[in-house]
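Asks:
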Amino acid sequence: MTPSFRTPRALGFRTDLALRVQAGAQVEDRDEYTVIRTPDNLTFWWGNFLLLHAPPAPGSLELWLARFREAHPGASHVTFGLDITDGEAGAAGEFEAAGFRLTRDTVLTTPATTAPDRPLLAGVALRPLETDADWDAALELRVAVNAADPDPLEAEGYRLFSAGRLAGLRRAQEAGHGACLGAFADGRMAAGLGVYDAGGGVIRYQNVETHPAQRSRGLAGHLVHFAGEWARHHLRAQTLVIVADPEYHAQRLYERVGFRPSELQTGLERPPAGG
2 MTPSFRTPRA LGFRTDLALR VQAGAQVEDR DEYTVIRTPD NLTFWWGNFL LLHAPPAPGS
62 LELWLARFRE AHPGASHVTF GLDITDGEAG AAGEFEAAGF RLTRDTVLTT PATTAPDRPL
122 LAGVALRPLE TDADWDAALE LRVAVNAADP DPLEAEGYRL FSAGRLAGLR RAQEAGHGAC
182 LGAFADGRMA AGLGVYDAGG GVIRYQNVET HPAQRSRGLA GHLVHFAGEW ARHHLRAQTL
242 VIVADPEYHA QRLYERVGFR PSELQTGLER PPAGG
């Protein structure tokens, strides 16, 4: 199905928008930017943002702030995606001086994943989420990951955001667009992720996370590989896409199962005051 909005050049945002729409987001094109809204989860920074069609020009900060406030009048955060592939962010320095953080994540791709060298631990089951209990476990996994972060987000706000995010992914799964999958050890969810169809044989991974007590056991690598095989069989995947912070160890994990850097995904984000 052809989208009713401008297709981003950047693969990261192209797949982001496809998945946001599946989960209930609204996308509206303007002359120089695209508005993305997620009415069911207004605390989702990257579900409620502006995608600039070109890097911001010098002196344009106040214009873009006004455009964001017009599109998202109730938002306490401000987020801008830049539809570029090379990380050249224009006058981003002016935004950084105003409290924004410039992000440049690595977009990695592969036609198929390869199995990790390390064998899967005995007793670990890899499978899609199915029951209400599975989805509750996915929420608790996310809460635990946030709590263990050196700089965690506010606990209740993060739980609310995560519940809304998972509800959208569950709707997309029930509509046949993909699935959230988990690694279950001793009946408990030890790691999780999502794989969803972005169209044209392109499949996007979402939110690869491992419980703090289950890390360094090889679970994430096996789950990423399993999800790739699941997507090839169930979604007819031709290209698998995953996005990683280049300063975090996850990129190396993805490369060990066959992913290779393709381009950069660039954004500007300013959290709520005190967030």
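Residues in the sequence shown are numbered from 2 upward in steps of one, following the numbering used here. We put the beta carbon where it would ideally sit given N, CA and C, even for glycine.
In whole angstroms, what is the alpha-carbon distance linking Ala238 and Gly60?
Replies: Roughly 43 Å between the two C-alpha positions.
Asks: Going by DSSP, what residue range makes up the alpha helix (DSSP H) through Tyr159?
Replies: First-last of the alpha helix (DSSP H) with Tyr159: Ala156 to Glu175.
Asks: If you compare alpha carbons, which of Phe6, Trp136 and Arg128 is closest to Asp32?
Replies: When each option's Cα is compared against that of Asp32, the closest is Phe6.
Asks: Am I right that Ala228 and Leu194 are in contact with their C-beta atoms under 8 Å? What's the rounded C-beta distance?
Replies: Ala228 to Leu194, Cβ: 6 Å. Contact.
Asks: Confirm, please, whether the CB-CB distance from Val146 to Thr211 is below 9 Å.
Replies: Yes, the pair counts as a contact, with Cβ atoms nearer than the cut-off.
Asks: Measuring alpha carbon to alpha carbon, tell me which residue in Phe14, Ala93, Thr39 and Arg38 is nearest Arg271.
Replies: Nearest C-alpha to Arg271: Ala93.
Asks: Looking at the unbroken alpha helix (DSSP H) that takes in Glu71, where does it start and where does it end?
Replies: Here the alpha helix (DSSP H) through Glu71 covers Leu62 to Ala72.
Asks: Any idea what DSSP makes of Thr104, helix, strand or coil?
Replies: Reduced to three states, the DSSP call for Thr104 is strand.
Asks: Using the three-state DSSP reduction, which class does Asn208 fall into: helix, strand or coil?
Replies: Looking at Asn208 - three-state DSSP - the assignment turns out to be strand.
Asks: For Thr86, which residues from the same chain have a beta carbon less than 7 Å from its beta carbon, with the 5 sequence-adjacent residues on both sides left out?
Replies: Closer than 7 Å at the Cβ level, and outside the excluded window around Thr86, lie Arg10, Ala11, Glu264 and Leu265.
Asks: Using beta-carbon positions only, say whether Ile37 and Gly25 come within less than 9 Å of one another.
Replies: No. Outside cutoff.
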